[in-house]
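In order, the protein sequence lines correspond to chains X and Z.
The number in the working numbering is simply the position in the first sequence, starting from 1, with 270 added.
The number in the working numbering is simply the position in the second sequence, starting from 1, with 357 added.
The beta-carbon is built from N, C-alpha and C at its ideal position, and this holds for glycine as well.
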Amino acid sequence: MPKRTDIQKILIIGSGPIIIGQGCEFDYSGTQACKVLRQEGFQIVLVNSNPATIMTDPEMAHRTYVEPLTPEILERVIERERPDALLPTLGGQTGLNLAVVLAESRILDKYQVELIGATLETIKKAEDRDLFRQAMARIGLEVPESGYAKSTAEAETIIERVGFPAIIRPSFTLGGTGGSIAYNRKEFHEHVQWGLNTSPTHQVLIEASVIGWKEFELEVMRDRKDNVVIVCSIENFDPMGIHTGDSITVAPVQTLTDKEYQIMRDAAIAIIREIGVETGGSNIQFAVDPADGRLVVIEMNPRVSRSSALASKATGFPIAKIAALLSVGYTLDEIKNDITQSTPASFEPTLDYCVVKMPRFAFEKFPGTNETLTTQMKSVGEVMAIGRTFKEALQKAIRSLEIDIHGLESRFLTHGSRFTDKDGEAWREAVRERLRVPNWERLFYIAEAFLLKIDVQEIYALTQIDPWFLENIREIVELEEDLRNDRSKTLLRLLSPQKLRRAKAMGFSDRRLAQLTGSDELTIRDLRRKLGIQTTFKMVDTCAAEFEAFTPYLYSTYERECEANPTTRKKVVILGSGPNRIGQGIEFDYCCVHAAFALKELGYEAIMVNCNPETVSTDYDTSDRLYFEPLTLEDVLNIIDREQPDGVIVQFGGQTPLKLAVPLQRVGVPIWGTSSESIDRAEDRKRFRQLLMQLGLNQAPSGTVISVNEAARIAKQVGYPVLVRPSYVLGGRAMEIVYDEASLLEYMERAVQASPEHPILIDKFLEDAVEMDVDAIADGGRVVIGGIMEHIEEAGIHSGDSACSLPPRSVPPKILDEIREQTTALALELQVVGLINIQFAIKNSTVYVLEVNPRASRTIPFVSKATGVPLAKLATKVITGMTLEQLGFTQEPRMNHVAVKEAVLPFVKFPGVDAILGPEMKSTGEVMGIDRDFGRAFAKSQISANGTLPLHGTVFLSVRDPDKPHLSPLGQAFAELGFHILATDGTARCLQEAGITAERVYKVTDGVRPHIVDRMQSGEIVVVVNTPEGRTSRLDSYSIRRTAVTQGIPCFTTMAAAHAAVQGIRALRAEGLQVKTLQEYNDGGPGVDRAS
Amino acid sequence: MKPAILALADGTLFEGTAFGAEGECVGEVVFNTAMTGYQEVLTDPSYKGQIVCMTYPLIGNYGINPEDIESRRPFVEGFIVKEGSPYPSNWRKSQTLEAYLKEWGIVGIQGIDTRALTKHIRDQGAMEGVISTVDLSPMRLVAKARSSPGLIGRDLVKDVTCAEAFQWRQGDWQLGHGYLDDRFPTTARLSSTLRLRPEGSSPKSDAREGGEVQLDLFGHRSSVIGTRHRVMAIDCGIKYNILRELVSTGCNVVVVPASTSADEILAFNPDGIIISNGPGDPEGVPYLVETTAQLIGRIPIFGICLGHQILGLALGGRTYKLKFGHHGANHPVKELHTGRVEITTQNHGFAVDIDSIPGGEAELTHVNLNDGTVEGMRHTRLPLFSVQYHPEASPGPHDSRHLFHRFVALMKQERGTQEPLEIPGVERSRVRQRGDIAV
């Protein structure tokens, strides 16, 4: 069945900001869909609030709306665009939920929009637990017992049926939050009570737990002719009870016999048919009882998912692209397999390698939260590694995580263990405890357990991790022990060619081998090369070499034959940004993808190196050659040895490749763009200070210290408050503002270990300063500013967590000119070739330089979307030697509209964590609001980030003393807008003094009810403004912010943001939301033409 | 770890370590791309004469499960894996893969670059090879590989077919139940001149008693004669799962040696005939082609794999050798009539040239979407159809099971309104229930 001709215009909904559980995999899938449907001649209308995506590039769709993902906005878009069809299966749960609302509210009917890919009935059958269970019963498949309860009494009857342990999931909480496991009646009562309170519908799902069973996933595709294929099978290393997003997972399945696998396959096919996914992909999860193979169905996602992105990368089968083609009428046999170019897509990929996915966590960002892994996802990113064996893939995955762990390192040993006696029961008991309770380090504790001679049976009993996986780890540990023993031997004796080859084939990094043998990385590397143990590269080809492959999608291993076959073309390697983490997310992948596009445009061969399976950069379609590899010095050098590129670009992937710049340059690798010398000048505090002095620029007084005493002295010298942080960190890791010496000493004690190797930076904190961000491109001779952004929150809030406005809204032109001059001076002095980002603070009309990053910044995609100028692409071309003049980009873009970026925070996923902004970055994603003025743009950004910006109702105000002078205009504004004002004692008094009516409300600590939290929970309060003071008094207001998070009430924790919110509300009240495409905002198409 | 060498006839060498029995083996080296089901592969008699390389690198992860066999013993000549797992994990496992290979004297090699080997075979074609753990002289091994007879024109069927007829009673495997038998108690009346051995009965029924029972030819009680189809399976190296599928589809099945004559087969008046899969070159078994030619048109025939090729020859057509064959569980096959695509299990090195069949009466029904080769045909006039692939799967997807129903439908249609046929009165013989299936 060929392409449908009755539809011309297709609406695609993106997944919005990156949040935990919904990452950039949906940019990957959406981008694939847009690209292929566009090629097929369809008109594409795209809506997504996330500017850091490739899918929102103006070339990807014909009409790109960067607008809030709400039903109202979607209706506006539909009304304006009149699409023939809506493809809802590519935008994650967000896209799917919106499609359901649009269908149920008959908006789709009204405008005659057809749902393609999945019907409303299908979506509901898959998503509604009761309907799903009925459907499974019809086809004879088991699901865990479950039931919905609206009261504790109902819960009681359900638990009789379900039994312990039971999983309790509150219905309709944000992002599936609040899932918990009850092992006994007491816990059950608590969790149900809490769940009922948390759920907006006061309903919980109680489900029998199959904790400890083996977990599997199948990726299934079906076409209109009912052809079904299984694209990939995945076996979880971690058993049931840990969210699959937080589990280590392995493809293909390892421990199922063919008979068992085929039962699962048959079940998957029956499910996709019964649920009725007519075209496209689905992800189906199963649990298997390890004792007797009994199989139950856990859930089904009738859409592309995180796992389908992983499956696509693991197999080379582009699920989203093919799902898009199927949705417009093609059948699987009509679609060609890109990789073989001769065989059709109607087949099941077969692997001749093993794939391991490992999650990356960010618990260090959220002290105080429970780090136990449960049914609610907590990881912020992931890596994938490919090897010829599980052992190799596992060890490659570990070093891909970039957590400064290079192999199966003992946790207690590296943490400076209190244990010394390996035979001691105390050490063993400590390890057992960490095996019993799932945590992100468990893999390492398993290795440690083997080291302590705890046997497989016992580890299995503690972890329920399949013995097959455990035995593989044991083999690695045994070889480690072998290498560790007897260091008196010479390195060559210790590492015989056979043993070294065996270790490398098992995935050992040079660095780990150096650790084990008391050597260093480069010595091992030299020895290895001397012995002729060279890395080989193999292709991911969907077919285990049965057919010739034409897509150079490669991974490293230690085998006989290398398939890299480098070309003799002019070529450039782009180093990617590795796993998503807080502080380094999709924005950097966006830049790397643009670099690849630009290089291809110029006729270079673009070679991508990255290990993040969620991204567009690791789509084999993005670059000419893709190496799916860890971004360590060793792995990158191996690729460079093989490829001999003309240049390597390190400035787009964030800190990950930047860290490699110096060591790479040292061994003679040609780094293109800004030199590593300049990078060092900007990163090294002392050299940076000299630089600023030389240019006569202002910097807040600061110092670098290597001891606690010195810290106190310097802090006194520069004057409190001070900003303290370890040097060389990303995302403001462990950065804090301290107001007095006691707090400083407490910080030094708690957060960091100062030493000559780990200096601490102390800066005078510029209170109430306005912070500015500038992105610019320099070609060595000319500097052109891409955008100047004014932060909404004052300096002191991490720029990644701060909202910002482009263009600036309150800074006088004179100061902007000064910023422009300083930017130019810095870029020229640093001989920047490519991108540069500078952060300034303005206090009392004085411009201070906060930091200079001679690389791509987090704001590049935002500025590019707002202005229509593809900065990363232009920068890439500059890096290849073109001038800005040649590129026609010689002037700062002028805008007739305003774009506001807002950060999206993951507090809801981390119970126990205060929802407060500070110098340490905590956001996982961002949204953009764009409109003709600041108020409207800000309002849109808030709706995109929070789901809502209430226009009337009750506002709760509680501000700290230093903010009280600014309180009355805010209160006045809310009052004028007709808001009813609730306030705590001090704030209320302050308002009343200014003649503003405010109802006083009890604090929680007052001990009188109903207090403020009660009133928030009752749904009475629609907006919260709460500016917290120092550490101690924060505790009082903690419950307010926490409640706002769980209840989804917009909560502003700075006065600046609150003022901006008022402007937004005012703008929305004056006139409802209007929508407009990026193409219209930046008419004349993508930027450069306009700029020149 | 004991060293082992794989030497190919073109002089290519792979050095690895021994995996399985020590010794030496010779055969045509082929690769199989299925990611699960190594045990079914090992015991597939079609691999007689071949050394199999598994492209999935981690083999043996779930060990050996006594139920997962496709014939009485492993038939591969040799086995090649990247990494054999010494610590299998599965609730049904009884031993490690390596122990099993040792037990059956199968020589294997591990630790070689199986992908490089696969690419070599893909590019150069399947070729003869030797694995040895006892003679590590490359020159001698290459010479041995070169002097190996190869598959062309050889009768390998005689090495794998059953020695005597037997009755099959085992049905599908079900989780939690194991193999279902045909659910009919073993009281029977008639038998045949052929001695019957009920092989492959489920352990449960085997355990029932050790006494002797009488069975009729098709193992059913007289009272149910007529409700089940009587199928005679010509064993060219038949995989048990073909038989299990037939039982599950409601057939009474008797398996006969490949050398059984057409007259002998016709004497029992079966409702249908299966010509099974088997090893090697169809032109190596002219007697079977002859038998088949005599059966065509008289009784419904379903040919599978080698059986399909035999039918091609019996209809007057030609077969030819593929470069490296199809061995795996992911090959897309399109049924031309419905347009539906099935993911199929395949294991063959030869193919039918359908255009060579005279008279234009062989209709192409199935085509391989990877390379366009013939995957199935039917006769436009006579009751026969055949497929090149394995509808019984095992290992592999169950997408094509419906072909067994189609066979039953064909038998029904041919039987028409006739009443069930009388079972010819032949002399009784007493048969013994055999014990466990040899593993």
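Thr251/X at chain Z interface by Cβ criterion, 9 Å: Here chain X covers residues 271 to 1362 and nothing more, so residue 251/X does not appear.
Per DSSP, Met411/Z forms a beta bridge with which residues? Answer is Asn389/Z, bridged to Met411/Z.
Between the alpha carbons of Ile852/X and Gln925/X, how many angstroms are there, rounded? In this structure, the straight-line span from the alpha carbon of Ile852/X to that of Gln925/X is close to 12 Å.
Could you pull the DSSP bridge partners for Phe371/Z from this structure? Note: Phe371/Z sits in a beta bridge opposite Leu363/Z.
Three CB pairs or more closer than 8 Å across the stretch 601-614 of chain X and the stretch 688-702 of chain Z: The stretch 601-614 of chain X, when compared against the stretch 688-702 of chain Z, does touch it at the 8 Å Cβ threshold.
Compare the Cα-Cα distances from Lys1143/X to each of Glu618/X, Ala700/X, Ala865/X and Ser577/X and report the closest residue. Looking at the Cα atoms, Ala865/X is the closest of the given residues.
For Gly563/X, go through chain Z and note every residue whose CB falls closer than 9 Å to its CB, in chain order. Asn447, Trp448, Arg449, Leu532 and Gly533, listed in chain order.
Decide if Arg1279/X is buried, meaning its Cβ has at least 16 other Cβ atoms within 10 Å, or exposed. That one is exposed.
Can you list, in chain order, the residues of the stretch 724-735 of chain Z whose Cβ is nearer than 7 Å to any Cβ on chain X? So the close ones are Leu726 and Asn727.
Answer yes or no: do Leu1247/X and Ile1335/X have a C-beta to C-beta separation smaller than 9 Å? Yes, they are a contact pair.
Beta-carbon proximity of Pro1176/X to Ile393/X, cut-off 9 Å: No Cβ-Cβ contact shorter than 9 Å links Pro1176/X with Ile393/X.
When you check each C-beta in the stretch 613-632 of chain X against every C-beta of chain Z, which residues fall closer than 8 Å? Across the stretch 613-632 of chain X, CB contacts with chain Z closer than 8 Å involve Thr613, Pro614, Ser616, Phe617, Glu618, Pro619, Thr620, Leu621, Asp622, Tyr623 and Cys624, in sequence order along the chain.
Give the interface partners of Thr736/X over in chain Z, defined as CB-CB distance under 9 Å, in chain order. Position check: residue 736/X holds Asp in this sequence, whereas Thr was assumed. Neighbours of Asp736/X in chain Z, taken as residues at a C-beta separation under 9 Å, are given in chain order as Ser446.
Interfacial residues, the stretch 798-822 of chain X to chain Z, with Cβ spacing under 9 Å: For the stretch 798-822 of chain X, the set of positions with a beta-carbon nearer than 9 Å to some beta-carbon of chain Z reads Thr806, Lys808, Met809, Cys813, Ala814, Ala815, Glu816, Phe817 and Glu818 in chain order.
Run the CB neighbour count on Tyr677/Z, radius 10 Å, all protein chains shown included, and call it buried at 16 or more, exposed below. Exposed is the call here.
Residues near Arg511/Z by beta carbon distance below 8 Å, same chain, minus five either side: Spatial neighbours of Arg511/Z in its own chain (CB-CB distance under 8 Å, excluding positions within 5 residues in sequence) are listed in chain order as Gly406, Gly637, Asp638 and Gly641.
Same chain only: Cβ atoms within 6 Å of Pro900/X, ignoring 5 sequence neighbours per side: Contacts found: Lys666, Arg669, Ser670 and Cys881.
Member of Arg799/X, Gln854/X and Phe1180/X whose CA lies at the smallest distance from the CA of Pro637/X: Per the Cα distances, Phe1180/X.
Quick check: the stretch 598-605 of chain Z against the stretch 525-536 of chain Z, are at least 3 beta-carbon pairs closer than 8 Å? The stretch 525-536 of chain Z makes contact with the stretch 598-605 of chain Z, as at least three CB pairs between them are under 8 Å.
Give me the chain X residues within the contact set of Ile700/Z, using Cβ-Cβ distance strictly less than 7 Å, ordered along the chain. Near Ile700/Z (Cβ distances below 7 Å), the residues of chain X are Val499, Phe617 and Glu618.
Please list the terminal residues of the continuous beta strand (DSSP E) segment that includes Gly1104/X. Segment Val1103 to Lys1113, the beta strand (DSSP E) holding Gly1104/X.
Please identify the residue among Thr613/X, Glu904/X, Tyr825/X and Leu366/X whose C-alpha is closest to the C-alpha of Leu792/X. Closest in C-alpha terms to Leu792/X, from the list Thr613/X, Glu904/X, Tyr825/X and Leu366/X, comes Glu904/X.
Chain Z within 9 Å of Lys495/X, Cβ atoms only: The Cβ of Lys495/X sits closer than 9 Å to at least one Cβ of chain Z.
Measuring alpha carbon to alpha carbon, tell me which residue in Phe1226/X, Val1293/X and Val413/X is nearest Glu1269/X. Among Phe1226/X, Val1293/X and Val413/X, the Cα nearest to that of Glu1269/X is on Phe1226/X.
Between the CA atoms of Lys1135/X and Leu1221/X - distance to the nearest angstrom: Approximately 28 Å, taken between the alpha carbons.
Please list, in chain order, the chain B residues whose beta carbon lies closer than 8 Å to that of Pro560/X. No chain B appears in this structure, whose protein chains are X and Z.
Name the chain X residues whose beta carbon is nearer than 7 Å to that of Gly394/Z? Taking the beta carbon of Gly394/Z as reference, the chain X residues within 7 Å of it are Asp528, listed in sequence order.
Output yes if chain X places a C-beta closer than 9 Å to the C-beta of Lys691/Z; else output no. Lys691/Z has a beta carbon lying within less than 9 Å of a beta carbon in chain X.
Taking a cut of 8 Å between CB atoms, which residues from the stretch 415-431 of chain Z lie near chain X? Listed by position, the residues of the stretch 415-431 of chain Z near chain X (Cβ gap below 8 Å) are Leu415, Asn418, Tyr419, Asn422, Glu424 and Asp425.
For the 8 Å Cβ check, are there 3 or more pairs between the stretch 1181-1191 of chain X and the stretch 1207-1214 of chain X? Touching, no, given that fewer than three Cβ pairs across the two stretches are closer than 8 Å.
Using the three-state DSSP reduction, which class does Trp942/X fall into: helix, strand or coil? Correct three-state label for Trp942/X: strand.
Pop quiz: Leu722/X and Tyr730/X are said to be a contact at Cβ under 8 Å. What is the actual Cβ separation, rounded to whole angstroms? With a beta-carbon spacing of about 16 Å, Leu722/X and Tyr730/X fall beyond the 8 Å limit used to define contacts.
With 16 other CB atoms within 10 Å as the buried threshold, where does Ile798/Z fall? In the structure as shown, chain Z begins at 358 and stops at 796. Residue 798/Z is therefore absent and cannot be evaluated.
C-beta contact flag for Cys813/X and Ile609/X at 9 Å: Yes, the Cβ-Cβ distance between Cys813/X and Ile609/X is below 9 Å.
Counting only Cβ pairs nearer than 7 Å, list the residues of chain Z close to Phe660/X. Contacts between Phe660/X and chain Z, judged by CB atoms closer than 7 Å, involve Leu415 in chain order.
Using a C-beta to C-beta distance shorter than 7 Å, which residues of chain Z count as neighbours of Leu602/X? Residues of chain Z passing the Cβ test: Val698.
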